[in-house]
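Numbering-wise (our numbering), the sequence shown opens with residue 12 and increments by one. Single-structure report; data block below.
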Amino acid sequence: MKYLLLIPDGMADREIDLLGKRTPLEVADTPNMDFLAREGSTGITKTVPEGYEPGSDIANLTILGIDVRKFYSGRGPLEALARGIRGEQVFRCNLVYVKDGIMADYSGRRVSDSEAREIIRQLNKEKEFDFIKFYPGRSYRNLLIINKRFEDNAITTPPHDIQGKPIENYLPKGGELAKLLRSLITWSEGILKELKAKPNLIWPWGGGRMPSFPSFRELYGVRASMISEVDLLQGIGKGLKMDVVEVEGMTGYIDTNYKGLAKATLRSLKKSDFVLLHTEGIDEVSHEGDAEKKVEAINLYDEKIVGYLLDRLDLDDTRIMLLPDHPTPIELRTHSSEEVPFLLYGGKRDDVREFSEKSCRKGIFGKVDGLRLMNILLYYQGLG
Ligand SMILES: [Zn+2]
């Protein structure tokens, strides 16, 4: 038996007036996900433990059965793990665009990889302290390493949570480390201005020390692969000692190389017992706050990922679980922590006919703790 876990990041949403009080998933044309829901069984699940921010890191770790209360140290360290970078303290370092003191764009007006690399190069050249180093990632997603021990951690805010808000209230808070971060933010303004860059500030957040995870194979006894478009998930994959597969032309947006991602999934299923395919585009358009575009992104996902796979998989020998890691409601333009719908294909059937936030509430699994999902996918035997 093969096990496939499909995670369309941020797909779940709330009712939207513009869509006739329906969710983008309800409005979208999703024959393939509906097929899986109809032929399988469904439920809803809480992927963000009480007291935690609904970040993709928290949600995806929970889905993979890793209790973040024991293992989580921040987003920066996970991304560093993905890239084989080590350091004392690791922060995610966004390149952002701030206008009149307001966080106008957490993605730095979609700065390109090459421009971002040039910015990071310049920051490293101009920096004042040897214990600081910037690492380029993809587009606005870069890293800041601080190789110095500080007594206290800094309280930081993800920039995608404060779109449209004054940054003044959300600058790093705490002791000496926070003070250093604030000074770096201010310092970066001059350098980015000099470069006439699309982003005009750095924004460090999600910092912490490097975590140590159990291996996925030890936990579940299966050989596992991961395909993801973002460093964050790759970091989780590497931390869990999964095979992390790179795909040419993946962009993390709705213009991604769908076929490449789907083909890599099929290839990985030949080598591994378990494959996770995580795609980012739907979450990105949710952050943009465009309901119609989100519907379109879901249509594309259903056709070009789920449909493509269903046409080529041996469905008698594959169990499939599909769920968004968390909702990214259009009305919020950021993540939220309410339950998400999930489906399991390859077990019992229930009466749910389509895959949506509401329909899955009536599913056979009811409401499930996110930490139980891997057990359901790998071991659930309630076969009818
Ligand atoms: Zn996410």
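Beta carbons are placed, not taken as given, at the ideal position from N, Cα and C, and that holds for glycine.
*Report the option in D124, P338, T262 whose CA atom is closest to the CA atom of E349.*
P338
*Quick one: grab the DSSP three-state call for L389.*
helix
*Verify the contact flag: H337, CB atom, against every heavy atom of ligand 1, threshold strictly below 8 Å.*
yes
_Buried/exposed call for G395, threshold 16 Cβ in 10 Å_ = With a pLDDT of only 41 at G395, under 50, the local geometry of the prediction cannot be trusted, and no value is derived from it.
*Candidates D380, G374, R364: closest to E37 by CA position*: R364
_Which residue marks the beginning of the beta strand (DSSP E) containing L243, and which one marks its end?_
Taken as a continuous stretch (DSSP letters only), L243 belongs to no beta strand (DSSP E), being part of the alpha helix (DSSP H) at 242-250.
_Heavy atom of ligand 1 within 8 Å of D242 beta-carbon_ = no
*Excluding sequence positions up to five away, which residues of its chain have a Cβ less than 6 Å from the Cβ of S118?*
Y151
*Please find out if some non-hydrogen atom of ligand 1 comes closer than 8 Å to the beta-carbon of S239.*
no
*Could you name each continuous alpha helix (DSSP H) segment of 4 residues or more that falls completely within the stretch 46-92, going from the start of the chain to the end?*
67-74, 79-82
_Please determine whether the Cβ atom of G21 lies at a distance below 8 Å from any heavy atom of ligand 1._
yes
*So, E240 versus H289, is the Cβ gap smaller than 9 Å?*
yes
*Starting from A302, follow the alpha helix (DSSP H) in both directions and report where the run begins and ends.*
302-311
*asked:* With the cut-off set at 9 Å, would you say R101 and G219 are in Cβ contact?
replied: Residue identity check: residue 101 is Val in the sequence provided, not Arg. A contact, by the Cβ cut-off of 9 Å.
*What residues match up with F285 in a beta bridge as DSSP calls it?*
Y14, A235
_Determine whether the beta carbon atoms of Y356 and L30 lie at a separation below 9 Å._
no
*What is the rounded straight-line gap between the Cα of I387 and the Cα of K184?*
41 Å
*Regarding A70 and ligand 1, is the C-beta to nearest heavy atom distance less than 8 Å?*
yes
*From P60, D322, R360, residue whose alpha carbon lies closest to that of G381*: P60
_Quick check: is any heavy atom of ligand 1 less than 8 Å from the C-beta of H456?_
Coverage of the chain is limited to positions 12 through 395, which leaves residue 456 absent and any answer about it impossible.
*Taking DSSP as the reference, what is the three-state secondary structure of T168?*
coil
*Shortest alpha-carbon distance to E368 belongs to which of K13, D20, E26?*
E26
*Is Q133 helix, strand or coil by DSSP?*
helix
_Are the CB atoms of G292 and D68 within a distance shorter than 9 Å?_
no
_Length of the line joining the Cα atoms of S283 and N310_ = 28 Å
*If we ignore side chains and look at the alpha-carbon of each, how far apart do I130 and A208 end up?*
8 Å
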